[in-house]
Amino acid sequence: MSNRTLNLDDTLYDYLLTHSLREHPEQTALREATRKHPHGEMQISPEQGQFMQLLVKLIGARHTIEVGTFTGYSALTVALALPADGRILACDISDEYTSIGKPYWRRAGVADKIELVIAPARQTLDARLAAGGAAHYDFAFIDADKSGYDGYYERCLQLVRTGGLIAFDNTLWSGEVAKSGGDADTLALKALNDKLHHDERIDMAMLPIGDGLTLARKR
Ligand code: CA
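If you're matching positions, the sequence shown starts at 63 in the working numbering and goes up one per residue.
Put into C-alpha cells, the structure is as follows:
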C-alpha cells in the first residue's frame with residue numbers, strides 16, 4: 063500500500079482501462095484514427111476524457127468552452143456528457159485537424175452541440191466577452207499552445223460562472239516542469255502552475271492523470 067500516487071506500469075494501466083472505460087463506439091473509432099495521426103500524441107487519454115465527462119455531469123454543465131480541439135476527441139467526449147441542450151464552444155486554428163473529427167461527431171449524434179470556431183482562441187473568447195458572455199459558461203477545457211494558456215485562463219475565468227470549472231491539460235508536461243530551465247512551452251507551464259497554486263480567485267487541484275490535469279474552480 064502506498065499513500066502517494068502510483069506509477070502505473072503497462073499492466074496496471076491496462077487493468078485501469080479494461081475495468082473502467084465506457085467509451086461510445088465513435089469515441090473509440092476517433093481515438094484509433096487519431097492515434098495514427100503524426101500528432102496523435104496530442105490527443106487526451108481516454109480515462110482522462112471519462113473523468114472530464116464525470117466532472118461535467120457533477121457540476122451540471124450546459125455551456126462549455128474548449129480551447130484547442132485538434133481532431134475532436136475531447137469535444138466528442140464532453141458533448142456526449144452534456145444534456146440535449148448543452149453546447150461546446152470549440153476554438154481551434156486548424157480546419158484540417160478539426161475536420162477529422164466532424165464525421166464522428168455526426169455519427170455519435172452530437173454535432174449540433176459543438177460550435178466550432180476556426181480562429182485564434184483569444185479572439186473568439188474576447189468576442190464572447192464583448193457580446194456579454196461573462197459568467198455564461200459552466201466548464202472550460204484548455205488544451206492548446208502552452209504559451210497561450212495564461213491568456214486563455216484569464217478570459218475563461220471571466221467567461222465561467224462562480225462555481226464553474228476550468229481544466230488545464232498537460233500541466234505536468236512529461237515531467238519537464240520539475241526540471242530546471244526548459245523551452246518556451248515548459249517555462250510557460252511552470253509560470254502558470256506557480257500562478258494557479260497561489261491564485262486566490264480559484265480552488266484548485268493538480269492531478270497526475272494523462273500528462274497532468276489541473277482543475278480550477280472559480281470562487
Ligand atoms: Ca494536450
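For every residue, glycine included, the Cβ atom is placed at its ideal position computed from N, Cα and C.
Got a sec, what are the start and stop residues for the beta strand (DSSP E) L277 sits in?
Counted from its first residue, the sequence shown places residue 277 at position 215. L277 -> beta strand (DSSP E) spans L275 to K280.
If you draw a straight line from the C-alpha of A143 to the C-alpha of V118, how long is it?
The sequence position of residue 143 within the sequence shown is 81, counting from 1. The sequence position of residue 118 within the sequence shown is 56, counting from 1. Between A143 and V118, the C-alpha separation is close to 7 Å.
If distances are taken between C-alpha atoms only, which option among L234, D188, G130 and H260 comes closest to L178?
Stepping through the sequence shown from its first residue, residue 178 is reached at position 116. For the residues L234, D188, G130 and H260, the minimum Cα distance to L178 belongs to G130.
Taking 7 Å as the cut-off, does the CB of I180 come closer than this to any heavy atom belonging to ligand 1?
Translated into positions along the sequence shown, residue 180 becomes position 118. Not so, every heavy atom of ligand 1 lies at least 7 Å from the Cβ.
From which residue to which residue does the alpha helix (DSSP H) around E109 run?
The count along the sequence shown starts at 1 and reaches residue 109 at position 47. Here the alpha helix (DSSP H) through E109 covers P108 to L120.
Quick check on the DSSP output: the beta strand (DSSP E) that includes G226 runs from which residue to which?
In the sequence shown, counting from the first residue as 1, residue 226 sits at position 164. Element bounds for G226: V222 to D231.
Any chance the CB of N232 is under 7 Å from a heavy atom of ligand 1?
The sequence position of residue 232 within the sequence shown is 170, counting from 1. The answer is yes for N232.
Measuring CA to CA, which of P145, A146 and A173 is closest to Y135?
Your numbering for residue 135 matches position 73 in the sequence shown. Y135 has its Cα closest to that of A173, out of P145, A146 and A173.
Looking at C-alpha atoms only, which residue of D157, I127 and L79 is the closest neighbour of R184?
Walking along the sequence shown from the start, residue 184 turns up at place 122. It is I127.
Report the rounded CA-to-CA distance for I155 versus T73, giving the unit in angstroms.
Taking the sequence shown and counting its residues from 1, the one referred to as residue 155 is at position 93. Taking the sequence shown and counting its residues from 1, the one referred to as residue 73 is at position 11. Taking the straight line joining both Cα atoms gives about 37 Å.
Of all the options G226, L187, L138 and G272, which has the alpha carbon lying nearest to the alpha carbon of A91?
Counting from 1 along the sequence shown, the entry for residue 91 is found at position 29. Comparing Cα-Cα distances from A91 to each of G226, L187, L138 and G272, the minimum goes to L138.
Going by beta carbon distance, what residues of the same chain come within less than 8 Å of Q112, once the five residues before and after it are set aside?
Residue mapping note: residue 112 aligns to position 50 of the sequence shown, counting from 1. Excluding sequence neighbours, Q112 sits near S82, L83, R84, E85 and T139.
Do you know whose CA, among G226, D207, E262 and L116, lies nearest T248's CA?
Within the sequence shown, the letter at position 186 stands for residue 248. That would be D207, whose Cα lies nearest to the Cα of T248.
Can you list the alpha helix (DSSP H) stretches of 4 or more residues lying completely in the region 166-253, in chain order?
As far as the region 166-253 is concerned, its whole alpha helix (DSSP H) runs of at least 4 residues are 183-192 and 211-221.
Taking the Cβ atom as the reference point for each residue, do R281 and T233 lie within a distance shorter than 8 Å?
Counted from its first residue, the sequence shown places residue 281 at position 219. Counted from its first residue, the sequence shown places residue 233 at position 171. Taking 8 Å as the Cβ cut-off, R281 and T233 do not qualify as a contacting pair.
Around the C-beta of E88, are 16 or more other C-beta atoms found within 10 angstroms, so that it is buried, or is it exposed?
Taking the sequence shown and counting its residues from 1, the one referred to as residue 88 is at position 26. So E88 counts as buried.
Within 10 Å of its beta-carbon, does N255 have 16 or more other beta-carbons around it, so buried, or fewer, so exposed?
Translated into positions along the sequence shown, residue 255 becomes position 193. Counting Cβ neighbours within 10 Å, N255 comes out buried, since at least 16 surround it.
Provide the residue span of the alpha helix (DSSP H) that contains E262, from first to last.
Indexing the sequence shown from 1 puts residue 262 at position 200. From DSSP, E262 is part of no alpha helix (DSSP H); its letter is neither H nor E.
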